[in-house]
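2 protein chains.
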Amino acid sequence: MTSEDSVDALLDALVRYTFQVTGVLTRIGAANDLSLTQLRVFGILRDRRPRVTELAAYLGLDKSTMSGLIDRAERRGLLAREKNPNDGRVVDVFLTPAGHELTQRLYGEARAILAPDLDRLRPDQREQLLALMRPLLEPDS
Amino acid sequence: MTSEDSVDALLDALVRYTFQVTGVLTRIGAANDLSLTQLRVFGILRDRRPRVTELAAYLGLDKSTMSGLIDRAERRGLLAREKNPNDGRVVDVFLTPAGHELTQRLYGEARAILAPDLDRLRPDQREQLLALMRPLLEPDS
DNA sequence: CGGAGATGGTTTGTATTACCAACGACCTCC
DNA sequence: GGAGGTCGTTGGTAATACAAACCATCTCCG
Chain W
1 MTSEDSVDAL LDALVRYTFQ VTGVLTRIGA ANDLSLTQLR VFGILRDRRP
51 RVTELAAYLG LDKSTMSGLI DRAERRGLLA REKNPNDGRV VDVFLTPAGH
101 ELTQRLYGEA RAILAPDLDR LRPDQREQLL ALMRPLLEPD S
Chain X
1001 MTSEDSVDAL LDALVRYTFQ VTGVLTRIGA ANDLSLTQLR VFGILRDRRP
1051 RVTELAAYLG LDKSTMSGLI DRAERRGLLA REKNPNDGRV VDVFLTPAGH
1101 ELTQRLYGEA RAILAPDLDR LRPDQREQLL ALMRPLLEPD S
């Protein structure tokens, strides 16, 4: 059962760290009039162009929640909607240049806050951590 | 600059994974009528007995937000308030037995969902990941 | 002592986030 | 060329979040 314990301890650390990062991101967002959810939206849109329903699925939110979320961000010129040419029902969502810029800037701020932690790790440890983390980001989960 | 890149890539992976875990926790919470924020509250209270302001500081929330949050959870018997005997202004917050039980159960659910990912790592990799992660959880940040 | 100022938490008011149910537009497939 | 399904929005309600104003309590200095 040592394997069980090792999973438990790791899970605990991951969740704890997740909350910690969440706190940092919440503060950064607040400083820029963005909620954590909007930050998550932007994080997803960085390298994707999903339809509304896909976006909702990624975030675990209802599609009706997405409407308002997209509305407000669109009104601020940070992202945009576009009817999918292949299917008239579908609406694709994507970052505007201003949205990309803002996202980049916020990631920069996050970096400035979180990086000092990571800097405490040796370069080879960082590589190791990254390598260990990659399988956790696989699409299947 | 390879060191910079390594930090960037790692930070990106961490944030991405954080969002992934956040999604999982949001779903688990929703299945139990709890918001992500409440989950975070319970996560903190697992091993602490903070005053309202401390709790707000941990979460990056305003103290006025905490009042309602605590109200609702208290009404459900999951946590409780108690006047601090040393300072009449201060209100300490802590989990009730029912709250501890629920928190335990939810962590069990999170484990059931996230553990399969972690199981894909070899035991020694898990130890390694945990060891690498520990310094990130130090109090200072 | 005794009050002035600071701190801790709640209350009030408003915007955002989130769900569900119902709807209108569009697609699919027979 | 419908019937039924899918996609996104709208309307209604509750929870979440902030800021400002408030009362109670504590601190500390005269």
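As given, the protein sequences belong to chains W and X, one line each in that order. Mapping of the first sequence onto my numbering: residues 1 to 141, in sequence order. Mapping of the second sequence onto my numbering: residues 1001 to 1141, in sequence order. Here a beta-carbon is modelled for each residue, glycine too, at the ideal position from N, C-alpha and C. Quick caveat, the model's predicted, so the values are computed rather than measured.
Only counting the same chain, and skipping five residues up and downstream in sequence, which positions put a Cβ closer than 8 angstroms to that of W:G29?
S35, L36, Q38, L39 and L106
Taking 7 angstroms as the cut-off, is the beta-carbon of W:L36 closer than that to any non-hydrogen atom of the ligand NAP?
Absence of the ligand NAP from the depicted structure is noted, as is the absence of any ligand whatsoever, leaving it without description.
Identify each residue in the segment 122-136 of chain W for which the Cβ-Cβ distance to at least one residue of chain X is less than 8 angstroms, and report them in chain order.
P123, Q125, R126, E127, Q128, L129, L130, L132, M133, R134, P135 and L136
Considering only residues of the segment 1004-1040 of chain X, which uninterrupted beta strand (DSSP E) runs meet the minimum length of 3 residues and lie entirely inside it, listed in chain order?
none
Tell me the start and end of each unbroken beta strand (DSSP E) in the segment 1040-1120 of chain X that is at least 3 residues and wholly inside, in chain order.
1079-1083 and 1091-1095
For X:S1006, count the other beta carbons within 10 Å of its own beta carbon; 16 or more makes it buried, fewer makes it exposed. Which is it?
buried
Where does W:E138 fall in DSSP's three states?
coil
Between which two residues does the alpha helix (DSSP H) harbouring W:R126 extend?
P123 to M133
Sufficient close CB pairs (3 or more, under 8 angstroms) joining the segment 89-101 of chain W to the segment 1111-1131 of chain X:
no
Of all the residues that make up the segment 1107-1120 of chain X, which are near chain W by a beta-carbon distance shorter than 9 angstroms?
Y1107, A1110, R1111, I1113, L1114, A1115, P1116, D1117, L1118, D1119 and R1120
Between W:G60 and chain X, is the shortest Cβ-Cβ distance under 8 angstroms, so that the two count as touching?
yes
Compare the C-alpha of W:L57 against each of W:G68, W:V41 and W:D47 and name the closest.
Per the sequence shown, the amino acid found at residue 57 of chain W is Ala instead of Leu. With distances taken between Cα atoms, W:A57 lies closest to W:V41.
From X:M1133 to W:V21, what does the alpha carbon distance come to, in whole angstroms?
13 angstroms
Mind checking X:L1144: buried by the 16 CB within 10 Å criterion, or exposed?
The structure shown has nothing for residue 1144 of chain X, since chain X only spans 1001 to 1141.
Where W:A73 falls, given that 16 or more other Cβ within 10 Å makes a residue buried:
buried
Give the residues of chain X in contact with W:S6, contact being defined as C-beta atoms less than 7 angstroms apart.
P1123, R1126 and E1127
Exposed or buried, which one is X:G1077 when buried takes at least 16 other CB atoms within 10 Å?
exposed
To be precise: take each residue of the segment 1010-1024 of chain X, compare its Cβ to all Cβ atoms of chain W, and keep it if any distance is under 9 angstroms. Which residues remain?
L1010, L1011, D1012, A1013, L1014, V1015, R1016, Y1017, T1018, F1019, Q1020, V1021, T1022, G1023 and V1024
Beta-carbon of W:R40 versus every beta-carbon of chain X: anything under 8 angstroms?
yes
Chain X contact residues for W:G43, given Cβ-Cβ distances below 9 angstroms
V1015, R1016 and F1019
Flag this pair as yes or no: are the beta carbons of W:V24 and X:G1043 separated by less than 8 angstroms?
no
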